[in-house]
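This report refers to the structure that appears directly beneath it.
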Amino acid sequence: QCCVVTWKDVPVVIRGIAVFFAIVEACVCHLFYQLSSFCFGTFNITDDINTLKVYGSDGLIKLPGAAALGASVFSLIGYFLLSRCVKKKRAGPEAERAKSLDVAEAGWKA
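The numbering of the sequence shown is my numbering, which starts it at 20 and goes up by one.
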């Protein structure tokens with residue numbers, strides 16, 4: 020219980036950023052699912068690898084797909100901000116708990 024960080028413990032700004040980027044990620048997933056042919060081309064496994072074009076309107080990754088992939092990677096900012104905030108909030112209580120366990124360890128080994 021000493022190391023629990025609830026949603027209310029996270030600053031409002033970081034909560035807002037994390038929620039915004041989570042929504043962006045969900046929208047990208049829906050875009051890929053609903054309009055995959057709009058975002059990506061096709062390449063059969065039996066096709067010649069020398070004819071593979073990665074980017075472009077006739078490539079494997081079309082412009083909307085590249086933009087959505089970029090947005091998906093960029094949205095990781097929300098996760099990293101939230102993760103860093105939680106780690107920072109837990110650092111103090113975890114250190115205190117570790118000290119108390121170090122003291123109690125002597126009793127366990129006796």
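The beta-carbon is built from N, C-alpha and C at its ideal position, and this holds for glycine as well.
- In the three-state reduction of the DSSP assignment, Ile80 falls in the strand class.
- In the displayed model, Phe59 falls within a strand according to three-state DSSP.
- Under the DSSP assignment, Gly111 falls in the alpha helix (DSSP H) whose first and last residues are 95-128.
- One alpha carbon belongs to Lys107, the other to Asp28, and they sit about 11 Å apart.
- In the DSSP assignment, Tyr74 is bridged to Ile80.
- For the 8 Å CB-CB criterion, Cys58 and Ala37 do not form a contact.
- The continuous alpha helix (DSSP H) containing Leu50 extends over residues 31-53.
- A straight-line Cα-Cα distance of about 15 Å links Val32 and Ile42.
- A Cβ-Cβ separation of about 14 Å leaves Phe51 out of contact with Leu79 under the 8 Å criterion.
- Comparing alpha-carbon positions, the option among Lys118, Val47, Asp67 lying closest to Val92 turns out to be Val47.
- Ser55 has its alpha-carbon roughly 55 Å from the corresponding atom of Asp121.
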